[in-house]
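Colleague:
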Amino acid sequence: MRVFWILFAAEWRHFRAAKGLVLLCGLLLATGVYGIYYGTTEIERQRQQLAALPELTHRNVEELKVKFPGPADAGDIGYYHSTFAVHHPDPWAALSLGLRDVNPSYVKLRLLGLQNQLYATDNTNPMKLLSGNFDLAFVLVYLLPLLVVALSFNLLSSEREEGILPLLLAQPIRSATVIAAKLAFRVALVLGLVWLLSGVGMAWAGVPLDGRVFSWLALSTLYCLFWFGVVLVVTALQRTSAVNAVALLGVWLALVVLVPSLLSLGVAAARPLPQGIELTIKQREEIHGGWDRPKTETMNRFFALYPQWRDTATIRERFVWRWYYAFQHLGDLAVAPQAAAYATGLQARHNLVETLNLLSPAINAQTSLNALAGSDLPTHLAFQRSATRYHDSLRAFYYPFLFRKVEFTHADYAQEPRHSFTSQPELATAQHGLLKLLLSVAAVYGLGLMLLRVRPVSPR
Amino acid sequence: MIQTIAQKEFVSTLRDRRFAVLSGLVLLLLLAATLVGRASYRTLQQERQLAQQTVNDQFRNQPARHPHRVAHYGSFAFRPKSGLSLLDSGVDSFTGSVAYLEAHQQNSINFSQAQQAGSLIRFGEMTVAFVLQLLVPLLIIFLCFGAFTEERETGTLKLLLSQGVTLRQVAWGKIVGYSRAVALVVAPALVLAAALLFTGEEFTGGPDLVARLVLFVVGYAVYFFVFVVGAVVVSAWQASSRAALITLLGFWILGCIILPKATANLGATLYPTITKAQMDAEVHEQAQHGIDGHDPHDQRAEALKAALLKKYGVDSEEKLPVSLAGVQMAAGEEYSAKVYQQHFAALNATYEQQNRLSNWAGLLNPYQAIRPLSMGLAGSDFAHYVHFQQAAEAYRYGLVQRLNGLQASMGHGDKERRLGADTWRELPVFTYQAPSLGWVLPRLLLPVAALLLWAVGLCWLGLRLISKTSVA
Amino acid sequence: MTYLLEARELRKQYADKLALRELNLQIAPGEIFCLLGQNGAGKSTTINLFLGFIAPTSGAAFVGGLEVAANPLEIKKHLAYIPENVMLYPHLSGLENLALFSSLAGFKYPESELLAYLTDAGLPTEAVRRRVGTYSKGMRQKVGIAIAVAKHAKVLLLDEPTSGLDPKASNEFSELLRRLSEQGTAVLMATHDIFRAKEVGTRVGIMREGELVDVRPTATLNAQELEQLYLTYMN
Numbered sequence: 012m013r014v015f016w017i018l019f020a021a022e023w024r025h026f027r028a029a030k031g032l033v034l035l036c037g038l039l040l041a042t043g044v045y046g047i048y049y050g051t052t053e054i055e056r057q058r059q060q061l062a063a064l065p066e067l068t069h070r071n072v073e074e075l076k077v078k079f080p081g082p083a084d085a086g087d088i089g090y091y092h093s094t095f096a097v098h099h100p101d102p103w104a105a106l107s108l109g110l111r112d113v114n115p116s117y118v119k120l121r122l123l124g125l126q127n128q129l130y131a132t133d134n135t136n137p138m139k140l141l142s143g144n145f146d147l148a149f150v151l152v153y154l155l156p157l158l159v160v161a162l163s164f165n166l167l168s169s170e171r172e173e174g175i176l177p178l179l180l181a182q183p184i185r186s187a188t189v190i191a192a193k194l195a196f197r198v199a200l201v202l203g204l205v206w207l208l209s210g211v212g213m214a215w216a217g218v219p220l221d222g223r224v225f226s227w228l229a230l231s232t233l234y235c236l237f238w239f240g241v242v243l244v245v246t247a248l249q250r251t252s253a254v255n256a257v258a259l260l261g262v263w264l265a266l267v268v269l270v271p272s273l274l275s276l277g278v279a280a281a282r283p284l285p286q287g288i289e290l291t292i293k294q295r296e297e298i299h300g301g302w303d304r305p306k307t308e309t310m311n312r313f314f315a316l317y318p319q320w321r322d323t324a325t326i327r328e329r330f331v332w333r334w335y336y337a338f339q340h341l342g343d344l345a346v347a348p349q350a351a352a353y354a355t356g357l358q359a360r361h362n363l364v365e366t367l368n369l370l371s372p373a374i375n376a377q378t379s380l381n382a383l384a385g386s387d388l389p390t391h392l393a394f395q396r397s398a399t400r401y402h403d404s405l406r407a408f409y410y411p412f413l414f415r416k417v418e419f420t421h422a423d424y425a426q427e428p429r430h431s432f433t434s435q436p437e438l439a440t441a442q443h444g445l446l447k448l449l450l451s452v453a454a455v456y457g458l459g460l461m462l463l464r465v466r467p468v469s470p471r
Numbered sequence: 200m201i202q203t204i205a206q207k208e209f210v211s212t213l214r215d216r217r218f219a220v221l222s223g224l225v226l227l228l229l230l231a232a233t234l235v236g237r238a239s240y241r242t243l244q245q246e247r248q249l250a251q252q253t254v255n256d257q258f259r260n261q262p263a264r265h266p267h268r269v270a271h272y273g274s275f276a277f278r279p280k281s282g283l284s285l286l287d288s289g290v291d292s293f294t295g296s297v298a299y300l301e302a303h304q305q306n307s308i309n310f311s312q313a314q315q316a317g318s319l320i321r322f323g324e325m326t327v328a329f330v331l332q333l334l335v336p337l338l339i340i341f342l343c344f345g346a347f348t349e350e351r352e353t354g355t356l357k358l359l360l361s362q363g364v365t366l367r368q369v370a371w372g373k374i375v376g377y378s379r380a381v382a383l384v385v386a387p388a389l390v391l392a393a394a395l396l397f398t399g400e401e402f403t404g405g406p407d408l409v410a411r412l413v414l415f416v417v418g419y420a421v422y423f424f425v426f427v428v429g430a431v432v433v434s435a436w437q438a439s440s441r442a443a444l445i446t447l448l449g450f451w452i453l454g455c456i457i458l459p460k461a462t463a464n465l466g467a468t469l470y471p472t473i474t475k476a477q478m479d480a481e482v483h484e485q486a487q488h489g490i491d492g493h494d495p496h497d498q499r500a501e502a503l504k505a506a507l508l509k510k511y512g513v514d515s516e517e518k519l520p521v522s523l524a525g526v527q528m529a530a531g532e533e534y535s536a537k538v539y540q541q542h543f544a545a546l547n548a549t550y551e552q553q554n555r556l557s558n559w560a561g562l563l564n565p566y567q568a569i570r571p572l573s574m575g576l577a578g579s580d581f582a583h584y585v586h587f588q589q590a591a592e593a594y595r596y597g598l599v600q601r602l603n604g605l606q607a608s609m610g611h612g613d614k615e616r617r618l619g620a621d622t623w624r625e626l627p628v629f630t631y632q633a634p635s636l637g638w639v640l641p642r643l644l645l646p647v648a649a650l651l652l653w654a655v656g657l658c659w660l661g662l663r664l665i666s667k668t669s670v671a
Numbered sequence: 008m009t010y011l012l013e014a015r016e017l018r019k020q021y022a023d024k025l026a027l028r029e030l031n032l033q034i035a036p037g038e039i040f041c042l043l044g045q046n047g048a049g050k051s052t053t054i055n056l057f058l059g060f061i062a063p064t065s066g067a068a069f070v071g072g073l074e075v076a077a078n079p080l081e082i083k084k085h086l087a088y089i090p091e092n093v094m095l096y097p098h099l100s101g102l103e104n105l106a107l108f109s110s111l112a113g114f115k116y117p118e119s120e121l122l123a124y125l126t127d128a129g130l131p132t133e134a135v136r137r138r139v140g141t142y143s144k145g146m147r148q149k150v151g152i153a154i155a156v157a158k159h160a161k162v163l164l165l166d167e168p169t170s171g172l173d174p175k176a177s178n179e180f181s182e183l184l185r186r187l188s189e190q191g192t193a194v195l196m197a198t199h200d201i202f203r204a205k206e207v208g209t210r211v212g213i214m215r216e217g218e219l220v221d222v223r224p225t226a227t228l229n230a231q232e233l234e235q236l237y238l239t240y241m242n
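Line by line, the protein sequences give chains A, B and C.
When we follow this note's numbering, the leftmost residue of the first sequence carries the number 12, and every step to the right adds one.
When we follow this note's numbering, the leftmost residue of the second sequence carries the number 200, and every step to the right adds one.
When we follow this note's numbering, the leftmost residue of the third sequence carries the number 8, and every step to the right adds one.
1) Run through chain A and tell me which residues come within less than 8 Å of S170 (chain C), C-beta to C-beta.
2) With a Cβ-Cβ cutoff of 8 Å, do L290 (chain A) and A350 (chain A) count as a contact?
3) Indicate whether P459 (chain B) and S142 (chain A) have their beta-carbon atoms separated by less than 8 Å.
4) To the nearest angstrom, report how far apart E349 (chain B) and V433 (chain B) are at their CA atoms.
5) Going along the chain, which residues of the stretch 72-94 of chain C sit with their C-beta nearer than 9 Å to a C-beta in chain A?
6) For L429 (chain B), count neighbouring C-beta atoms within 10 Å of its own C-beta (all shown protein chains included) and say buried if the count is 16 or more, exposed if not.
7) Assuming the contact rule is C-beta atoms closer than 8 Å, R108 (chain A) and Y234 (chain A) should be a hit. Round their C-beta distance to whole Å, please.
8) Output, in sequence order along the chain, the residues in the stretch 166-188 of chain A whose CB is closer than 8 Å to any CB in chain E.
9) Between the C-alpha atoms of A96 (chain A) and A148 (chain A), what's the straight-line distance to the nearest angstrom?
10) Closer than 8 Å, CB to CB, is A197 (chain C) near chain A or not?
11) Taking Cβ positions only, does S469 (chain A) come closer than 8 Å to chain C?
12) According to DSSP, which residues form a beta bridge with Q20 (chain C)?
13) Of the residues that make up the stretch 142-160 of chain A, which ones have a beta carbon closer than 8 Å to any beta carbon in chain B?
14) When you compare the CB of I17 (chain A) with every CB in chain C, is at least one pair closer than 8 Å?
15) For a cutoff of 8 Å on Cβ pairs, would you count V9 (chain A) as touching chain C?
16) Kindly indicate which residue of A:R400, A:E170 and A:P428 has the alpha-carbon position closest to the one of L129 (chain A).
17) Using C-beta distances below 7 Å, list every residue in its chain close to L337 (chain B), excluding the 5 sequence neighbours before and after it, in chain order.
18) Looking at L462 (chain A): is its Cβ nearer than 8 Å to the Cβ of P372 (chain A)?
19) Grouping DSSP H, G and I as helix and E and B as strand, with all else coil, what is I34 (chain C)?
20) Any beta-carbon of chain C closer than 8 Å to the one on A21 (chain A)?
21) Per DSSP, P224 (chain C) forms a beta bridge with which residues?
22) What's the C-alpha gap between L75 (chain A) and C455 (chain B)?
23) I want to see whether chain B comes within less than 8 Å of P137 (chain A), judged by CB atoms only; does it?
24) Could you work out which residues of chain A lie near S110 (chain C), taking near to mean beta carbons separated by less than 8 Å?
25) For the candidate residues A:K447, A:Q294, A:T355 and A:T323, whose alpha-carbon lies nearest to that of G124 (chain A)?
See the structure below:
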């Protein structure tokens, strides 16, 4: 243990002397802080945008009050009135934005058919989406391994190449102790950076101090340890610094770039998705067919589902709103299987990635962090389900007006249901991720130690 | 002299087992990416063509309907993939593929592939462009980092120079030799891609595609050349092979990973945009109350009615030979479309501001020069996307106005009547003509200039540096 | 009596080359054994086998009565090593390098003592606090000597230790070796320098193609005879 600490302290002096490495650590710290800044401002921007939506609804209501000064037909209101289903971010999302930029954070809803409203997208700059988010998770998952590589590619090989190793190993110390001390110093340094950045990020984003603090730290720590495990394996192979650098970068490239992109192709092939396009087209046909079908046919289909309105007056007029909204809803129901298939298809793809992410700890770490922050696909699907329920509640609110021919007064606007949905973390996913990461870590260290045992360190 | 050295580098590179393995891997990835790109192109294109055909048929086969109902029935515009997008899918995966076109409103373009791929898409897509832009430079770095340092470390550089060769000649020889080796790796994949492009019946060839492909190849040749020269220069400048490798890898990480993301994010932070909800509300408001608040919708409608009555010399709406509702609808559509266009232009101007930072960064970073050039030539960049959006909106506007015209011509009391089914067969369907190369090129001047500047600048400055490098 | 260094039927076979053929050797306390031979004759292999840096194919090496292969750590407490080309951490000073290596060997010296070791080894006082990166090969060699001396080992393994030293420093080093051997240290030194071997060694061994072909006490022959003997074996 004494020797370990001597070597550990020596590593600190070597590190301080290597200006390039100090600079690199500083650079990582700077990019990390930028990542936190970007993530928090992005989430703050989304929050402000969401906060501005009630004002839009309010202006819409004011306009309708002018347009319909007296009691109005609720059908007119439902047609012209729009409101929003909003998806509020969890504070953690600032650290791992996930898909919050690809998927819209609100849906504008009218009383019309849901299915051609639910998939509307927000204004986005595709170039920005292509470049991706520079959040803390990106810094940790993508850039941190590169720092580990830069710090450790010559872990033992530099001593060998500089000819110091023979003199070092002529001392009564184990080569394993030398490697352990060097590795431990770098682990301490990098973990220090990770914890510092995570702490700053958590404070900046104002996250609630719940169990997720521990999960986040555990995930990022294990992910770091994994990369040091890779370093151990490469060090144990005892090649030159240049070969080590190439090998480590190759592993990085494979795990962080190649495996994910190939997996993406594989998943798309293995889980073909029923296209949303088909669903939209079919829904339009259904809804517009409603105009041409006999009204009694439409209404009977509707009453079969909503018997409580069966006793309402038979429609004789050329146009009446309750008939209009009935076939709007029937249009939704006609494509319900497609809508469900689309959602389950997306979920199935996500689940397959979850199962296969053992192939790359980078994917595992990213999806786990996203799960922790509630910024991944399942959360968006949950939001869409929530928006669907909101649409149901809007219909439930307007149907009595429509079917009982109750007039819609200005006071009724305030009674209309409002929607709010806040991301929920997928703790189970994060926990699975943690376990799988632990498995990866055990595997690389096992391999590294085995290699070291098989091939004792040669001084030259 | 240069040829001799080039030949030596070329031969020794081919004999290097590490290079053989790495380049084999890159070539394999390139070929795989080409085939995957073709397959995905085919699937998407067929899907969209079929869907477009379906909605076109549906539109033409409508029963007798009132024109305004047809305007609400609307149509869809599917974005066709460009031929070269199988090589570089650019922003295609992040843009929607279909817009619903209807009266009164401009809908978003929905269903992007990114929404369907989950968070995996964040790690990048395996396309030919991805391999060419990121992995081939890495291969070049591994190939060239020891160009000078190794010769210095083994002492062969002194031997070479003692034979009367100049450092500059050595450098050029190496550059030529390494370039040949890189060409050997990349060429087969590009030949395969060209063969697929020009033999597959799903691609509409023609001179435009040939010219794009040629420029595409030339662009990447310059890009790789920049990396070869850069790597050789760094190798001459650094003291040891290790230092040269680390420096080059550092540049690669900075240029290919950090800068593109950082500039895109910074651009988005500096030039914020409004949400579609906000924009739609503003469009609606200005359409209602007039662009500057002086010309509200109701007044416009009243004035239009008065003008019509005066024009036809009648005193009531019933006596008009045209449908007032139809004329007013047309006027309203015209006005709101004008308002929308203003907002849409402002939004896109903001996006272009956001992207400008990244485009100018091309002067600092060759990766950010080749990327816009490549996707511009492939027809998968932001400008092409906007072009499609505008084409879809132009079609929507034209269609809706034509339907409004039909409604107007029905005369008063049109609401009670319908137009025959054959009316819809005479209306044009949506066909998208992607812009030609002549439209694209002026937009790509900056990346072209940046890339050329890099090539010329590196050759000039770098080789000056090399002739001053130490021999021992 | 116990030997401080002993080789019993020590053999090292590489896939394509026999590096050392059944070596039998005993070196007692106070002895300075010089190994002569051309490059590749097996001198460094012998030293590396005693250091435990390479594993013998057969036979065994002993340091202070302990078998090297079985006690890789323990034996290093008993020996000090100076390679042909002493390399140190370039961004630490000579003093810091000595402090580091001594502490790894288990010695914690006050700075005055460290300075004394360095100056005794011949390092100029002005250089002790400079970064080793600025040292000449000879200066590094002197730090290497200081590290070895400061370890107070019973056994010294030297692989061309005086390469890079000027004649004066070489002489001082020879003097140092004599002093240490009088205190009972056993020295095994590989060298090309026949005259130095004759002058400082108590015995010389001549190696050729992995084999120890001859061993003579230096007292029995003069320098010319030794050179003659050496050249005879080399031809």
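The beta carbon of each residue, even a glycine, is placed where N, CA and C say it ideally should be.
Modeller: Answer, in terms of the structure:
1) Neighbours of S170 (chain C) in chain A, taken as residues at a C-beta separation under 8 Å, are lacking, since the least C-beta distance is about 13 Å.
2) Cβ distance < 8 Å, so L290 (chain A) and A350 (chain A) count as in contact.
3) In this structure, P459 (chain B) places its C-beta atom within 8 Å of the C-beta atom of S142 (chain A).
4) If you take the alpha carbons of E349 (chain B) and V433 (chain B), they lie about 13 Å apart.
5) Listed by position along the chain: P79, L80, E81, I82, K83, K84, H85, L86, A87, Y88, I89, P90, N92, V93 and M94.
6) Residue 429 (chain B) is actually Gly in this sequence, not Leu. By the 16-neighbour rule on beta-carbons within 10 angstroms, G429 (chain B) is buried.
7) Reading off the sequence shown, one finds Leu at residue 108 (chain A), where the question assumed Arg. Not confirmed; about 18 Å, so no contact.
8) Of the protein chains in the structure, A, B and C, none is chain E.
9) Taking the CA atoms as reference points, A96 (chain A) sits about 28 Å from A148 (chain A).
10) No, no contact with chain A.
11) Closer than 8 Å to some Cβ of chain C, the Cβ of S469 (chain A) qualifies, so yes.
12) Looking at the DSSP output, Q20 (chain C) sits in a beta bridge with C:L25.
13) Listed by position, the residues of the stretch 142-160 of chain A near chain B (Cβ gap below 8 Å) are S142, G143, N144, F145, F149, Y153, L154 and L157.
14) Using a Cβ-Cβ cut-off of 8 Å, I17 (chain A) counts as an interface residue toward chain C, since at least one Cβ of chain C sits closer than that to its own.
15) Here chain A has residues from 12 to 471 only, and residue 9 (chain A) is not among them.
16) Of A:R400, A:E170 and A:P428, the residue nearest in Cα terms is A:R400.
17) So the qualifying residues of the chain are W451.
18) No.
19) Strand.
20) Interface flag for A21 (chain A) against chain C is set, since a Cβ pair is found closer than 8 Å.
21) Under the DSSP definition of a beta bridge, P224 (chain C) partners with C:R210.
22) So the two alpha carbons sit approximately 52 Å from each other.
23) Answer yes: the Cβ-Cβ gap between P137 (chain A) and chain B drops below 8 Å somewhere.
24) Result: I17.
25) It is A:Q294.
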